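Taking it in order: structure first as structure tokens, then the write-up.
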Amino acid sequence: ANQNVLQDYGNSLLEEGFLSDALDFYQKAEDKGGLQKIKDIAFDRGDVMLFQQAAKALNLELKPADWETIGQKAISLKKYSFARHALEKVNNEEMLNSLNKIMQQEVDSKSA
């Protein structure tokens, strides 16, 4: 299939919210703009796995600061498993400890 067709599929899937499917089509179309869009959306949603996939598709080497920033974003959205995944990538003990505290407080407040 030609790149425009793949790109159009990617755009349609993106609009419908099927982000990882859109990512596949953008990757096949070598559409850097589309991949960047997915990476940005993944960041805004604290979706660490999708962020990682999009970065990989763009051949971007994620730096510790990238992991920490999206980790913080995920924490702010209460997406704790995503946050943990990001913070474990950089072995940030301090942030992991505070994440564990936050999670413990959530558990305590639910059982109170």
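Here this note's numbering is used: the first residue of the sequence shown is 2, the next is one more, and so on.
Just so it is clear, CB atoms sit at the ideal spot from N, CA and C, and this is done for glycine as well.
Keep in mind it's a predicted model, so treat the numbers as computed, not measured.
- Answer yes or no: do residue 35 and residue 15 have a C-beta to C-beta separation smaller than 9 Å? Position 34 of the sequence shown, counted from the first residue, corresponds to residue 35. Position 14 of the sequence shown, counted from the first residue, corresponds to residue 15. Result yes, Cβ atoms of residue 35 and residue 15 sit closer than 9 Å.
- Message: Given a cut-off of 9 Å on the beta-carbon distance, is the pair residue 63 and residue 81 in contact?
- Response: Within the sequence shown, numbered from 1, the residue matching residue 63 stands at position 62. Within the sequence shown, numbered from 1, the residue matching residue 81 stands at position 80. The beta carbons of residue 63 and residue 81 sit no closer together than 9 Å.
- Quick one: which unbroken alpha helix (DSSP H) runs of 4-plus residues sit fully inside the region 47–80? Chain order, please. 49–58, 65–77
- Residue range of the alpha helix (DSSP H) that residue 44 falls in? As a working note, residue 44 is residue 43 in the sequence shown. Taken as a continuous stretch (DSSP letters only), the alpha helix (DSSP H) holding residue 44 covers 33–45.
- Task: With a threshold of 16 other CB atoms inside 10 Å of the CB of residue 96, please say whether the residue is buried or exposed.
- Result: In the sequence shown, counting from the first residue as 1, residue 96 sits at position 95. So residue 96 ends up on the buried side.
- Message: Using a 10 Å radius around the Cβ and a threshold of 16 neighbouring Cβ atoms, would you call residue 38 buried or exposed?
- Response: Translated into positions along the sequence shown, residue 38 becomes position 37. That one is buried.
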